[in-house]
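Single-structure report; data block below.
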Amino acid sequence: MAIAVHSIEPKFLFFWNNKVASRSLLNALEKTFPDLRMYAQPSFRPRTQDQDWPRFLLVRDPWARAVSCFRNKCRDAMEGLERNGGLEPCQRHLLRELGAWPCRSVTGARRLAALDFEGFLELLAGVRDGNSHFRLQIDVLRDAAAITSMVPWAGRAGRTLLHLGRTHYLTPGPLKTRLSDSADQAALAAGRTQHVRWLRLEDLPEAWAEVEQTLGRTIPFPWEARTAEGDDWHSLYNTTLQTRVAKLYAPDLEMFGYHPW
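Counting in the numbering used here, the sequence shown runs from 370 upward without gaps.
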């Protein structure tokens with residue numbers, strides 16, 4: 370997942386997190402801080418003494434986030450195909466898990482659009498770690514700590530490339546990583562060691578004041594996509610599906626304090 374770096378005063382890091390309106394917030398930050406720079410992965414950012422810089426991460430209720438992924442990548446797949454001119458990598462990953470890839474883009478979009486929410490969740494367990502739209506949100510914190518020398522920088526970058534390779538949708542099955550409780554608990558333990566100020570999407574725009582106060586700037590709050598309110602995403606769930614998502618994203622629930630409704 371990407372990271373935004375502002376290396377002049379006020380110095381800060383903003384960690385990208387998919388399906389939480391990060392694009393709208395980054396647009397606002399870029400208007401206020403024109404020197405903001407984006408890097409594809411936190412471990413790819415330049416080696417800088419950034420250990421004392423404020424770090425921000427926006428997170429979202431995992432149940433709502435799963436619904437958002439379903440609607441955007443499956444239910445609205447045909448509209449997305451017309452808009453993007455092709456399938457997204459995460460959609461190809463879903464199709465491969467479905468046993469329908471490779472295929473023509475329009476065929477794949479139709480297959481995805483035909484899925485109901487339960488069918489999407491059945492695929493999600495097999496693709497969770499393969500794309501940032503589906504991944505645990507605590508994975509964003511994997512390389513949040515400062516990079517103090519070239520040795521750990523090279524190690525982090527190499528580990529990131531290996532992780533991406535082992536979770537890519539084209540990676541042969543025997544080489545792919547598998548979900549495990551031990552790996553999830555290790556990720557949770559690692560996330561707790563990081564000094565990152567996380568804000569919940571559901572607490573915006575009020576919580577945005579913390580960012581402004583920390584950076585000492587007024588940052589006009591955008592709401593191009595207000596996805597936290599006014600959305601009856603709960604209606605897609607029954608008890609079984611709610612429990613399935615809770616198990617799949619248990620580390621996020623524990624880390625960020627989300628609870629069943």
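Even for Gly, the Cβ is constructed at its ideal location relative to N, Cα and C.
Expected contact under 8 Å - CB spacing of residue i and residue j to nearest Å
{"i": "P411", "j": "D621", "result": "With a Cβ gap of about 18 Å, P411 and D621 do not count as contacting."}
{"i": "E487", "j": "L610", "result": "6 Å"}
{"i": "W422", "j": "L382", "result": "6 Å"}
{"i": "A478", "j": "A446", "result": "4 Å"}
{"i": "R497", "j": "L548", "result": "6 Å"}
{"i": "L384", "j": "R424", "result": "Note that residue 384 corresponds to Phe in the displayed sequence, not to Leu. Confirmed, about 7 Å."}
{"i": "R561", "j": "T401", "result": "About 30 Å; that fails the 8 Å criterion."}
{"i": "M407", "j": "A433", "result": "Incorrect: roughly 25 Å between the Cβ atoms, too far for contact."}
{"i": "C443", "j": "H502", "result": "Between H502 and C443 the Cβ distance is about 11 Å, and since that is not below 8 Å, they are no contact."}
Unbroken beta strand (DSSP E) run spanning residue i, endpoints
{"i": "W567", "result": "R566 to R569"}
{"i": "A373", "result": "I372 to H375"}
{"i": "R392", "result": "From DSSP, R392 is part of no beta strand (DSSP E) but of the alpha helix (DSSP H) over S391 to T401."}
{"i": "R406", "result": "R406 to Y408"}
{"i": "L382", "result": "F381 to F384"}
Range covered by the alpha helix (DSSP H) that runs through residue i
{"i": "A433", "result": "P431 to F439"}
{"i": "V614", "result": "T608 to L617"}
{"i": "T583", "result": "W577 to L584"}
{"i": "Q676", "result": "Outside the shown range of the chain (370 to 630) lies residue 676, about which nothing can therefore be said."}
Straight-line Cα distance separating residue j from residue i
{"i": "E581", "j": "F590", "result": "10 Å"}
{"i": "Y576", "j": "W470", "result": "Just to set this straight, residue 576 is Ala in the shown sequence, not Tyr. Rounded to the nearest angstrom, the two C-alpha atoms are 42 Å apart."}
{"i": "P379", "j": "A371", "result": "20 Å"}
{"i": "S437", "j": "S376", "result": "33 Å"}
{"i": "L617", "j": "R452", "result": "30 Å"}
{"i": "H603", "j": "A435", "result": "11 Å"}
{"i": "T596", "j": "E457", "result": "Any answer about T596 is weak, because its pLDDT of 48 lies below 50 and its placement is not dependable; what the coordinates show is given next. The alpha-carbon atoms of T596 and E457 are separated by roughly 21 Å."}
{"i": "S551", "j": "A619", "result": "12 Å"}
{"i": "L605", "j": "F439", "result": "10 Å"}
{"i": "G454", "j": "N386", "result": "24 Å"}
{"i": "D485", "j": "L405", "result": "40 Å"}
{"i": "A514", "j": "Q563", "result": "6 Å"}
How about the stretch 411-422 and the stretch 472-480: do they share at least three Cβ pairs that are nearer than 8 Å? no
Mind the definition here: the stretch 557-577 touches the stretch 497-516 only if three or more C-beta pairs lie below 8 Å; say whether that holds. yes
Counting Cβ pairs, one atom from each stretch, are 3 or more of them under 8 Å apart for the stretch 486-500 and the stretch 459-470? Touching, yes, given that three or more Cβ pairs across the two stretches are closer than 8 Å.
Could you tell me whether the stretch 622-630 touches the stretch 424-441, using the rule of 3 or more Cβ pairs below 8 Å? yes
Which ranges would you report for the beta strand (DSSP E) in the stretch 417-485 if only whole runs of at least 3 residues count? 424-428
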